[in-house]
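Student: Can you keep this structure in mind? I'll have questions shortly.
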Amino acid sequence: MIELFYSHANKRWYQQSSYQSIYWGKEPNKLSPFPSFASSIMKLQSSHDAIRPLVGILAGSTRKQHFSGNGTIFKAIQKELTDSGGLSYVFTPDDIHSSFITGYLYDHFSQKWTGYRFPYPNIVYNRIPDRGEEKSDKVTAFFSLLKKKGIPYFNRSFFQKDHVLAHLSANEELLPFIPETASVNGSNVEQFLNTHHSIFFKPTSGSKGRGIFKLNRVKTGFHYVDHERSYLFSTFSLLREHLATQIGESYIMQRKIKLATHQGEAYDFRVLLQKPFKSWQVTGIGVRAAPPNGLTTHVPKGGRILPFHKLATQEDEARLTALAIRTAEVLEEKEQMLECSLDIGKDQDGQLWIFEANAKPMRFDEPLIHQAFIRSLTSSFRTYSAY
485 MIELFYSHAN KRWYQQSSYQ SIYWGKEPNK LSPFPSFASS IMKLQSSHDA
535 IRPLVGILAG STRKQHFSGN GTIFKAIQKE LTDSGGLSYV FTPDDIHSSF
585 ITGYLYDHFS QKWTGYRFPY PNIVYNRIPD RGEEKSDKVT AFFSLLKKKG
635 IPYFNRSFFQ KDHVLAHLSA NEELLPFIPE TASVNGSNVE QFLNTHHSIF
685 FKPTSGSKGR GIFKLNRVKT GFHYVDHERS YLFSTFSLLR EHLATQIGES
735 YIMQRKIKLA THQGEAYDFR VLLQKPFKSW QVTGIGVRAA PPNGLTTHVP
785 KGGRILPFHK LATQEDEARL TALAIRTAEV LEEKEQMLEC SLDIGKDQDG
835 QLWIFEANAK PMRFDEPLIH QAFIRSLTSS FRTYSAY
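Taking the working numbering, the leading residue of the sequence shown gets 485, the next gets one more, and so forth.
Quick look at the structure:
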């Protein structure tokens, strides 16, 4: 057992344990025995002479609170690590200094995050939620500094849908599982609609179903549908004028797949993959169903969760697992990652289709999958940390 103490006056950590010296962080840092003026912060279930690993969770900057990001995941990581002799803190790009990092711990009694001064960690887990901040000079410089210090980190960046699908399509083994996809360049939409009468448009940087819309070629013209509106354009010229105002960023278009249905609702699979040791594994598979006449299966857009084992057969699970693992292996050739999630659909003939990949998986609402995710994640921290 290690009990940690902190003095806000001199911004130093102290410890009480059965060992004379306790070390933590990537660079040698020894914690002194606690003095009477320091306040007890937390206890770690450790039987070692070090706090391992010390994990830094890189979150987003915000003026309203200490950081932005998925606090539920951050709390779960902290609890899992402290129960096994490690520790995590959350920090933002604004909290980084040359010799220390200002990080935040969660107090379950006060239900508040509090800031402390920490050494550089053994590994950094990038959970910045904003693509713009992730590309900033400050973050780029920080990752360069981590390389110089020999501190591993993941995930380096969000995925771009067009880059990911292009990379996967270049693999002969995976090409049959990728729906026909093209980047929108302003002159190829009509040709794509002539080939595929129903297509989805997706922003290359989007998530949670934001910005997605669908076009159907019908007898009376072109039917446009997004999450809120529906229009009918009698000519392609009128449709093109509307698209010119609708598409303000990079988009891809992808032919619609007629998904398998359950009680009339189309559904697809969310597959969570992690690499806690030296090979990829499927942590869990969820099912998401679109609402009646809904555009996508995303829960924030009205989709709902269905039980996996009530819909999928053992053969489905085996096929999904094999395809997902192979996909993660191919993605790893391009991206520095230890986790990802995949959106995979099954059409009405039983064929599997890879729709997209996500570098920073959102929290799965299924409790068993979420618990397995946190356990596997902390195993990754231990496997890949630098001491």
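Even for Gly, the Cβ is constructed at its ideal location relative to N, Cα and C.
Using a Cβ-Cβ cutoff of less than 6 Å, which residues in the same chain neighbour residue 697 once the five nearest sequence positions on both sides are dropped?
Tutor: If we look at residue 697 and ignore the five residues flanking it on each side, its Cβ neighbours are 685 and 710.
Student: Could you check the C-alpha separation between residue 485 and residue 501 for me, to the nearest Å?
Tutor: 6 Å
Student: On the DSSP bridge assignment, give the partners of residue 829 in chain order.
Tutor: DSSP, once it has assigned bridges, lists 752 and 837 as partnering residue 829.
Student: Helix or strand or just coil, what does DSSP make of residue 860?
Tutor: helix
Student: Taking the straight line between their C-alpha atoms, what separation do you get for residue 834 and residue 798?
Tutor: Looking at the backbone, the Cα of residue 834 and that of residue 798 are separated by about 13 Å.
Student: Within this structure, are the beta carbons of residue 741 and residue 688 separated by less than 8 Å?
Tutor: No, the pair does not count as a contact, with Cβ atoms beyond the cut-off.
Student: In terms of residue numbering, what span does the alpha helix (DSSP H) encompassing residue 729 cover?
Tutor: 720-730
Student: If you count every other CB in all the chains shown that lies within 10 Å of the CB of residue 721, and 16 or more means buried, which is it?
Tutor: exposed
Student: Let me know the secondary structure DSSP gives residue 525 once reduced to three states.
Tutor: strand
Student: Using only the alpha-carbon positions, how far apart do residue 811 and residue 639 sit?
Tutor: 17 Å
Student: Looking at the structure shown, is residue 636 part of a helix, part of a strand, or coil, going by DSSP?
Tutor: coil
Student: Would you mind working out which of 719, 695 and 838 sits nearest residue 701, comparing C-alpha positions?
Tutor: 719
Student: If you compare alpha carbons, which of 615, 828 and 574 is closest to residue 598?
Tutor: Looking at the Cα atoms, 574 is the closest of the given residues.
Student: What separation, rounded to the nearest whole angstrom, lies between the Cα atoms of residue 765 and residue 703?
Tutor: 47 Å
Student: According to the neighbour-count rule (16 or more other Cβ atoms, all chains shown, within 10 Å of its Cβ), is residue 825 buried or exposed?
Tutor: buried
Student: Which residues in the same chain as residue 505 place their Cβ atom closer than 8 Å to its Cβ, once the five residues preceding and following it in sequence are excluded?
Tutor: Cβ within range, chain order: 514, 515 and 533.
Student: Going along the chain, which residues of its own chain have a beta-carbon closer than 7 Å to the beta-carbon of residue 716, five neighbours each way excluded?
Tutor: 704, 705 and 707
Student: Among the candidates 580, 586 and 529, whose CA atom is the shortest distance from the CA of residue 564?
Tutor: The shortest CA-to-CA distance from residue 564 to any of 580, 586 and 529 is the one to 529.
Student: Here's the rule: buried if 16 or more other CB atoms are within 10 angstroms of the residue's CB, otherwise exposed. What is residue 664?
Tutor: exposed
Student: In the DSSP assignment, find the alpha helix (DSSP H) that holds residue 651 and state where it starts and stops.
Tutor: First-last of the alpha helix (DSSP H) with residue 651: 645-653.
Student: I believe residue 831 touches residue 744 by the beta-carbon criterion, under 8 Å. Please report the beta-carbon distance rounded to the nearest angstrom.
Tutor: 7 Å
Student: Here's a check: name, in chain order, each residue in its chain whose Cβ is nearer than 7 Å to the Cβ of residue 550, leaving out the five neighbours to either side.
Tutor: 588, 597 and 599
Student: Report the three-state DSSP secondary structure of residue 533 (helix, strand or coil).
Tutor: coil
Student: On a CA-only basis, which of 678, 844 and 508 is nearest residue 692? Give me that one, please.
Tutor: 844
Student: Taking 8 Å as the cut-off, decide whether the C-beta atoms of residue 848 and residue 787 are in contact.
Tutor: no
Student: Report, in whole angstroms, the separation of the C-beta atoms of residue 609 and residue 541, which I expect to be a contact under 8 Å.
Tutor: 5 Å
Student: Run the CB neighbour count on residue 781, radius 10 Å, all protein chains shown included, and call it buried at 16 or more, exposed below.
Tutor: With 16 or more other Cβ atoms inside 10 Å of its own Cβ, residue 781 counts as buried.
Student: Quick one: residues in its chain with C-beta nearer than 6 Å to the C-beta of residue 840, no 5 flanking neighbours on either side, listed in chain order?
Tutor: Excluding positions up to five away in sequence, the list reads 645 and 827.
Student: Write down the C-beta distance between residue 623 and residue 572 rounded to the nearest angstrom, noting that I regard them as a contact closer than 8 Å.
Tutor: Not quite, the Cβ-Cβ distance comes to about 19 Å (not below 8 Å), so this is no contact.
Student: Please return the same chain residues whose Cβ sits closer than 6 Å to the Cβ of residue 603, not counting the five positions on each side in sequence.
Tutor: 509 and 513
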